[in-house]
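K.L.:
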Amino acid sequence: MPAFAGMAKWVVGTNAMHELTVSPWASLAYLVAGMCFILALRGLSSPASSQRGNRFGIIGMTIAVVTTLVTHVPIVQHLLVSDTGPAVAVRTIDWVTVVEILAAIGIGAVIGLVTARRIAMTAMPQLVAAFHSLVGLAAVLVGVAAYLNPQAFGISDLVIPLIGQPFAVIHPVSRIELGLGVAIGAITFSGSVIAFLKLNGNMGGKPIMLPGRHVINIALLAAILGLIAYFVTDQSAWIFWTITLLSFVIGFLLIVPIGGADMPVVVSMLNSYSGWAAAAMGFTLHNSAMIITGALVGSSGAILSYIMCRAMNRSFISVIAGGFGQSSDAGGPAAASDRPWKRGSAEDAAFLMSQAEQVIIVPGYGMAVAQAQHVLREMGDKLKAEGVRVKYAIHPVAGRMPGHMNVLLAEANVPYDDVFELEDINSEFAQTDVAFVIGANDVTNPAAKTDKSSPIYGMPVLDVEKAKTVLFIKRSMGGVGYAGVDNDLFYRDNTMMLLADAKKMVEDIVKALD
Amino acid sequence: MDFIAILSIFVLACFVGYFVVWAVTPALHTPLMAVTNAISSVIIVGALIAAAAPTVLGAIGAGSGVAKALGLLAVVLASINIFGGFAVTARMLAMYKKKERPVAK
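Keeping their order, the protein sequence lines are chains A and B.
Each residue of the first sequence is one higher than the one before, starting from 1 at the first, in the numbering used here.
Each residue of the second sequence is one higher than the one before, starting from 515 at the first, in the numbering used here.
In structure tokens:
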């Protein structure tokens, strides 16, 4: 008796019109998975509900994967030739493939879990970029698989000619969805690889600008869209591969001219694209879990990009057009101005802060680079023990990724109710005795409010100069911030520069506080 | 499902996404990126379909053997993202603590 004849009603089939038909139970399961993902994001409205939300995400993913495995059991068909009767087709489970699939999941699980355990929080931006590249590549691979075996995905009609091999004609709408899916997936992949290299320091943070790059990019984009449209009329392989190849190229070309510190916008943008790629695949496969997820992730990335751009007061187009900013290691000529500035020592800083009623600490990317978050928290604890109120002020674009500073402070055991966003804490600087700036630069520059000629004019900044005293940690007076401008803050009367490596300086302050 | 039905789901999901993501507190934007990356790996569904598909008539070009291999590779990549993404998110979320209230004044 052919095994698992009863499985037929679970298996995805195609109806008379050769459209993908999925069992209603499977569709329902995918819908539930989508709901779980919505709840996962909803949980992030506060740290209290966030861990429960993450569990919903895991449940949703499990539902989606198990449903797929159960409705797509790999089946192999044998022809049983018997002496007494006609040949019989027997279908049994293809155990080899089952093992291969489980092994693939297992390998991925091990790599993923080990990486998650080991990664330093200061390397989160690179990790996220690397993960995005995997989603992009997976989308491309699924798209290619759908192109090579469209019957399995139910997106084609089989044509059996009188002579020659049968071949599949992919539905026109599916061709558009497929084309978009591989294009967006490829852009996500190559763009994320470049973002990873820049964030990880393998590639300089300086923007690399090719001559005529805007023309090249627009031409490539037009070519890709044009080919996708043409693909509808002609499903030849060369068109499909060209779309894929051009998309890889444009992903690379788009990200290469963007400076290192604009990466928060880039990573958010690529996050968004990985969502749209998943959505496009969801349309191709008529899968509601993928469509819902794609929409969620796409909107999430888009909103984060918008928030980042607003916080820098630059338009999204200007960021993507690239060419802005110096790399953080562009030592540059010594600050051109001969304006006088005050220098302080760790003991001065310790004295000022221990006498203060309130100290606001302003961390930035430099703190992450110096890995100073733990000693910073120690300093905060010592100050609190002396009765000083300690708060942390985070600018939205501090760091290389949205929310990066918050994670680093959380890792250092800073309670999250001591940490405030710009809008909530900016008015307090005027009543604060000491503002302690460590690793942030452009986001504290008062020129953004007053100097119309400055490239950072109009950018929302933290009003640190309103504090009674400002302590600013920097390695040396030479060199400029990311925007290439000197910081007016340094030369004010109430500012004291602490010139040393951030971690060393804070350690010295901690010693002096004893 | 016909195209209009899935388009409707997509549009509604975009609306939901808009409101849900704006409600995420800025302090949790990094875990947001990590978890959205993890859930976007639901593309593993497509990869599993490719990997489990039987060899059928009508496969273009090299045939569905290549499609299956690519599907398996995509399963590995997506699994890395799923397990790694949720694990790193959980690790980050566990770090966020409130101020400890003093036991006695």
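No residue lacks a Cβ here, since even glycine has one placed at the ideal position from N, Cα and C.
On the DSSP bridge assignment, give the partners of Q77 of chain A in chain order.
P.N.:
Locating residue 77 of chain A in the first sequence gives position 77, counting from the first residue. DSSP, once it has assigned bridges, lists A:R91 as partnering Q77 of chain A.
K.L.:
Where does the unbroken beta strand (DSSP E) through M522 of chain A begin, and where does it stop?
P.N.:
Nothing about residue 522 of chain A can be reported from this structure: the residues present for chain A run from 1 to 514 only.
K.L.:
Given that a residue counts as buried once 16 or more other Cβ atoms are within 10 Å of its Cβ, and exposed if not, what is A48 of chain A?
P.N.:
One-based indexing of the first sequence puts residue 48 of chain A at position 48. That one is exposed.
K.L.:
Could you say which of A:L225, A:S45, A:G136 lies nearest to G179 of chain A if we only look at CA atoms?
P.N.:
As a first step, residue 179 of chain A is located in the first sequence; it is residue number 179 there, counting from the start. Comparing Cα-Cα distances from G179 of chain A to each of A:L225, A:S45, A:G136, the minimum goes to A:L225.
K.L.:
Do R475 of chain A and D501 of chain A come within 9 Å of each other at the CB atom, strictly closer than that value?
P.N.:
Locating residue 501 of chain A in the first sequence gives position 501, where the first residue counts as 1. Locating residue 475 of chain A in the first sequence gives position 475, where the first residue counts as 1. Contact flag set, yes.
K.L.:
Would you call the stretch 274-282 of chain A in contact with the stretch 402-421 of chain A, where contact means no fewer than 3 C-beta pairs closer than 8 Å?
P.N.:
At 8 Å Cβ cutoff, the stretches do not touch.
K.L.:
List the DSSP bridge partners of I438 of chain A.
P.N.:
Against the first sequence, residue 438 of chain A aligns to sequence position 438. Note: I438 of chain A sits in a beta bridge opposite A:P363, A:I473.
K.L.:
Closer than 9 Å between beta carbons: that is the criterion. Which residues of the stretch 235-260 of chain A meet it against chain B?
P.N.:
Within the stretch 235-260 of chain A, the residues whose Cβ lies closer than 9 Å to some Cβ of chain B are Q235, A237, listed in chain order.
K.L.:
Going residue by residue through the stretch 147-181 of chain A, where are the continuous beta strand (DSSP E) segments of at least 3 residues, counting only ones entirely within it?
P.N.:
Counting whole runs of 3 or more residues, the stretch 147-181 of chain A contains the beta strand (DSSP E) stretches 156-159, 167-170.
K.L.:
Does V73 of chain A have its Cβ less than 9 Å from a Cβ in chain B?
P.N.:
Working through the first sequence from its first residue, we reach residue 73 of chain A at position 73. Output row for V73 of chain A: interface = yes.
K.L.:
Compute the Euclidean distance between the alpha carbons of N271 of chain A and N551 of chain B, then round it to the nearest angstrom.
P.N.:
What you label residue 271 of chain A is simply residue 271 of the first sequence in a count that begins at 1. What you label residue 551 of chain B is simply residue 37 of the second sequence in a count that begins at 1. Looking at the two C-alpha atoms, the distance is approximately 7 Å.
K.L.:
With K391 of chain A as the anchor, note down where its beta strand (DSSP E) starts and where it stops.
P.N.:
As a working mapping, residue 391 of chain A is identified with position 391 in the first sequence. From DSSP, the beta strand (DSSP E) with K391 of chain A extends over 389-394.
K.L.:
Looking at the secondary structure, which residues open and close the beta strand (DSSP E) in which V419 of chain A lies?
P.N.:
The count along the first sequence starts at 1 and reaches residue 419 of chain A at position 419. First-last of the beta strand (DSSP E) with V419 of chain A: 419-421.
K.L.:
Determine, for P340 of chain A, whether the minimum Cβ-Cβ distance to residues of chain B falls below 9 Å.
P.N.:
To locate residue 340 of chain A, count along the first sequence from 1; it is residue 340. Answer no: the Cβ-Cβ gap between P340 of chain A and chain B never drops below 9 Å.
K.L.:
Assess contact between the stretch 551-561 of chain B and the stretch 48-62 of chain A, defined as three or more Cβ pairs (one per stretch) separated by less than 8 Å. Is contact present?
P.N.:
At 8 Å Cβ cutoff, the stretches touch.
K.L.:
Where does I170 of chain A land, buried or exposed, given buried means 16+ other C-beta within 10 angstroms?
P.N.:
Mapped onto the first sequence, residue 170 of chain A falls at position 170. Buried, because 16 or more other Cβ atoms sit within 10 Å of the Cβ of I170 of chain A.
K.L.:
When the distance is taken between beta carbons, is I93 of chain A closer than 9 Å to V76 of chain A?
P.N.:
By 1-based counting over the first sequence, the position of residue 76 of chain A is 76. By 1-based counting over the first sequence, the position of residue 93 of chain A is 93. Cβ atoms of V76 of chain A and I93 of chain A: closer than 9 Å.
K.L.:
Where do the N-terminal and C-terminal ends of the alpha helix (DSSP H) with I59 of chain A fall, by residue?
P.N.:
Against the first sequence, residue 59 of chain A aligns to sequence position 59. Element bounds for I59 of chain A: 47-71.
K.L.:
Assuming the contact rule is C-beta atoms closer than 8 Å, F600 of chain B and N54 of chain A should be a hit. Round their C-beta distance to whole Å, please.
P.N.:
The residue you call residue 600 of chain B lines up with position 86 of the second sequence. The residue you call residue 54 of chain A lines up with position 54 of the first sequence. F600 of chain B to N54 of chain A, Cβ: 6 Å. Contact.
K.L.:
Report the option in A:N313, A:A295, A:L513 whose CA atom is closest to the CA atom of L383 of chain A.
P.N.:
The residue you call residue 383 of chain A lines up with position 383 of the first sequence. If we check each option's Cα against that of L383 of chain A, A:L513 comes out closest.
K.L.:
List the residues of chain B that R42 of chain A touches, going by C-beta distances under 8 Å, in chain order.
P.N.:
To locate residue 42 of chain A, count along the first sequence from 1; it is residue 42. Under the 8 Å cutoff, chain B gives V534, A537.
K.L.:
Cutting at 6 Å between CB atoms, please list the residues of its own chain near V390 of chain A, excluding the five before and the five after it.
P.N.:
The residue labelled residue 390 of chain A in the question sits at position 390 within the first sequence. The residues are V359, G380, L383, K384.
K.L.:
Just the Cα atoms here: how many angstroms apart are E177 of chain A and A168 of chain A?
P.N.:
Within the first sequence, the letter at position 177 stands for residue 177 of chain A. Within the first sequence, the letter at position 168 stands for residue 168 of chain A. Taking the straight line from one Cα to the other gives about 17 Å.
K.L.:
Name the residues in the stretch 552-566 of chain B whose C-beta lies less than 7 Å from a C-beta of chain A; which are they?
P.N.:
Listed in sequence order: A552, I553, S554, S555, V556, I557, I558, V559, G560, A561, L562, I563, A564, A565, A566.
K.L.:
Count the other C-beta atoms from every protein chain shown that fall within 10 angstroms of the C-beta of N445 of chain A, then say buried if there are 16 or more, exposed otherwise.
P.N.:
The residue labelled residue 445 of chain A in the question sits at position 445 within the first sequence. That one is buried.
K.L.:
Comparing C-alpha positions only, which one of A:L499, A:A435, A:I239, A:L227 sits nearest to R343 of chain A?
P.N.:
As a first step, residue 343 of chain A is located in the first sequence; it is residue number 343 there, counting from the start. For R343 of chain A, the nearest C-alpha among the options comes from A:L499.
K.L.:
Please confirm if A576 of chain B has its CB atom under 9 Å from at least one CB of chain A.
P.N.:
To locate residue 576 of chain B, count along the second sequence from 1; it is residue 62. Per-residue confidence for A576 of chain B stands at a pLDDT of 47, beneath the threshold of 50, marking its modelled position as unreliable; the derived number appears in the next sentence. Judged by the 9 Å Cβ criterion, A576 of chain B is in contact with chain A.
K.L.:
Going along chain A, which residues have a C-beta under 7 Å from I594 of chain B?
P.N.:
Locating residue 594 of chain B in the second sequence gives position 80, where the first residue counts as 1. Per Cβ cutoff of 7 Å: G108, I111, G112, L134.
K.L.:
For Q358 of chain A, list the residues DSSP reports as bridge partners.
P.N.:
What you label residue 358 of chain A is simply residue 358 of the first sequence in a count that begins at 1. Answer is A:R389, bridged to Q358 of chain A.
K.L.:
Mind checking if I523 of chain B is an interface residue toward chain A, Cβ cutoff 9 Å exclusive?
P.N.:
Counted from its first residue, the second sequence places residue 523 of chain B at position 9. With 9 Å as the cut-off, I523 of chain B counts as an interface residue toward chain A.
K.L.:
Any Cβ of chain A within less than 9 Å of the Cβ of I518 of chain B?
P.N.:
As a first step, residue 518 of chain B must be located in the second sequence, where it is residue number 4. Chain A, which has no Cβ nearer than 9 Å to the Cβ of I518 of chain B, makes this no.
K.L.:
When the Cβ atoms of the stretch 146-155 of chain A are set against those of the stretch 114-127 of chain A, are three or more pairs found closer than 8 Å?
P.N.:
The stretch 146-155 of chain A, when compared against the stretch 114-127 of chain A, does not touch it at the 8 Å Cβ threshold.
K.L.:
Grab me the residues of K611 of chain B's own chain with a C-beta within less than 7 Å of its C-beta, minus the 5 sequence neighbours each way, in chain order.
P.N.:
Position 97 of the second sequence, counting from 1, holds the residue named residue 611 of chain B. Closer than 7 Å at the Cβ level, and outside the excluded window around K611 of chain B, lies no residue.
K.L.:
Which class does R492 of chain A belong to by DSSP, given the choice of helix, strand or coil?
P.N.:
On the first sequence, position 492 is the one that residue 492 of chain A refers to. R492 of chain A: coil per DSSP, three-state reduction.
K.L.:
How is S327 of chain A classed by DSSP in three states: helix, strand or coil?
P.N.:
As a first step, residue 327 of chain A is located in the first sequence; it is residue number 327 there, counting from the start. Residue placement at S327 of chain A is flagged as unreliable, the pLDDT there being 44, under the threshold of 50; the coordinate-derived value follows with that caveat. S327 of chain A: coil per DSSP, three-state reduction.
K.L.:
Locate the alpha helix (DSSP H) running through I509 of chain A, then write down its first and last residues.
P.N.:
As a working mapping, residue 509 of chain A is identified with position 509 in the first sequence. Element bounds for I509 of chain A: 502-513.
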